[in-house]
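Residue numbers (the numbering used here): 1 to 140. We treat Cβ as the ideally placed atom computed from N, Cα and C, and that holds for glycine. So the structure is just underneath, and the comments pick up after that.
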């Protein structure tokens, strides 16, 4: 990949687990973090608006069913293309979280320009009958 033409930046929630911060920065990317406990609809909208006003992005790539889905609406308003990537074959292991996550995904069908999935099951779960690209991942 030509790193003079493509750069990946990340907008994330602070995590206590393993991060790839050093690797991302070594490859020229930047990581923008909302501190743990401060993640809300309002804070995500504020961060994504700030990033899209300050930096030029051709695409955003969304691959989590979470409150971060509001980024799709913000990106759409800024004219940024959206790639949504499904990994999940179910919305949650709990009933209430499943309902919440279905709500978080409503704007995927409205605003995504490209849809991709790691399996046919993941594609059907998130995208229903919409056309998506199945990206086969070979595992040894």
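query: For a minimum of 4 consecutive residues, which ranges assigned as the alpha helix (DSSP H) are wholly contained in the segment 24-98?; result: 41-54 and 70-77
query: Is the beta carbon of residue 9 less than 8 Å from the beta carbon of residue 29?; result: yes
query: Between residue 121 and residue 89, what straight-line distance do the alpha-carbon atoms span, to the nearest angstrom?; result: 6 Å
query: Taking the continuous beta strand (DSSP E) assigned at residue 114, which residues delimit it?; result: 114-117
query: Got a sec, what are the start and stop residues for the alpha helix (DSSP H) residue 127 sits in?; result: 120-127
query: From what residue to what residue does the beta strand (DSSP E) around residue 10 run?; result: 10-13
query: Could you give the residue range of the alpha helix (DSSP H) that holds residue 136?; result: Premise fails: residue 136 is in no alpha helix (DSSP H) and is neither H nor E.
query: Enumerate in chain order the residues of its own chain whose CB-to-CB distance from residue 65 is below 7 Å, with the five nearest sequence positions on each side excluded.; result: 88, 91, 101, 104 and 105
query: For the 8 Å Cβ check, are there 3 or more pairs between the segment 72-79 and the segment 44-55?; result: yes
query: Is residue 111 helix, strand or coil when you go by DSSP?; result: helix
query: Output the distance between the C-alpha atoms of residue 123 and residue 74, rounded to the nearest integer angstrom.; result: 23 Å
query: Apply the 10 Å Cβ neighbour rule to residue 84 and answer buried if 16 or more other Cβ atoms are within range, or exposed otherwise.; result: buried
query: Return helix, strand or coil for residue 3, following the three-state DSSP convention.; result: coil
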